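One structure is given below, encoded as structure tokens.
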Amino acid sequence: MPKVFAAVLLAAVLAACGSEAADTTVAVTGSDSKCDVADTSLKAGKIRFNLTNEGKLTTELYVLGEKDRIIGEVENVTPGVTRPLEANLKAGKYTLVCKPGQTGEGIRQPITVTGEGGETSAESAEAERKIEVEARDYAFTFESPLEIARGDAVEFELKNLGTEQHEFEVLNPTGAAIGEIEAIDAGKEAEATFEFTETGTYSYQCLVETADGVEHSEKGMKGTFTVS
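Residue numbers for the sequence shown follow our numbering, beginning at 6 and rising by one.
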């Protein structure tokens, strides 16, 4: 995946530094060919996955629920760097995915969470409504207004009406990604359900790069909305 622009990186780092203490901390060691998790049986609650990149390629880490729904991610973990990914998980079966080079299906490691507590389930919430998103070169337009309340589960349907690949990623008020519709080719459609568990200002963006290395977000494919 393309690099995250500096403002989002700063927000994510500040959020990690200022967040509440995790109930459990788990070391994850990634390289160009492995994704080793120190403990795959975890207690429900706030879990911090500390990803250390021992490879030569920049990598990223995802926490996935059922049907590969993205629950959390940390991107642009450069060689030799350790960065946290925090998720507040309910009991269930999840998948950790390291993506060396930030492309492809990645290296998967199943984990199991047990016990009481947590906020986010492995299961996908049933969407209460759908919002259609049209992606062009280089802007998003929405068929419905982005009027979303805390606790809503909304299915976003992305239609690529442009000539290049586009994606749709949503970040919470701290700058952490809550999910994305991965890049799709021109003329294609894809969808994903996003759960909004807190109020505040969210943002959306497309981080696909042009042929000359400019992120689409820098060309206008980004914006914000408020969850009340």
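Ideal Cβ placement from N, Cα and C applies to all residues, glycine included.
Since the model is a prediction, treat every value here as computed from it, not as a measurement.
Considering only DSSP beta bridges, list what residue i is partnered with.
i	result
N93	K51
K164	E139 and E194
P115	T100
Q210	E174 and K227
I75	L69
R155	Its beta-bridge partners do not exist; DSSP assigns none.
E200	A158
L56	V33 and R88
V232	I153 and G205
The beta strand (DSSP E) that contains residue i, what's its start and end?
i	result
H171	H171 to L176
E185	A182 to I189
A32	T29 to G35
T146	A144 to F147
Is the Cβ-Cβ distance between residue i and residue j less than 9 Å?
i	j	result
P236	N58	Since the displayed the chain opens at 6 and closes at 233, residue 236 lies outside it and no answer follows.
T198	E160	yes
V82	I52	no
Y209	L176	yes
E185	I76	no
G123	G50	yes
D41	G35	yes
I3	E200	For the chain, the structure presents residues 6 to 233; residue 3 sits outside this window and is missing.
A127	K104	no
E80	V68	no
F54	E110	no
With distances taken Cα to Cα, identify the nearest neighbour of residue i among the options.
i	options	result
K135	E148, V213, E169 and E185	E148
L66	G106, K95, L212 and D157	G106
V232	P115, E203 and E223	E203
S222	D41, Q170, G205 and I183	Q170
D37	E162, K193 and V102	V102
A195	G218, K164 and A216	K164
I116	A132, E110 and A96	A96
F145	E220, Y207, K227 and E121	K227
V118	A27, S46 and T229	S46
T108	V213, D217 and T229	V213
Return yes when the C-beta of residue i is under 8 Å from any heavy atom of the ligand MN, and no when it is not.
i	result
P89	Although the ligand MN was asked about, the structure shown includes no ligands whatsoever.
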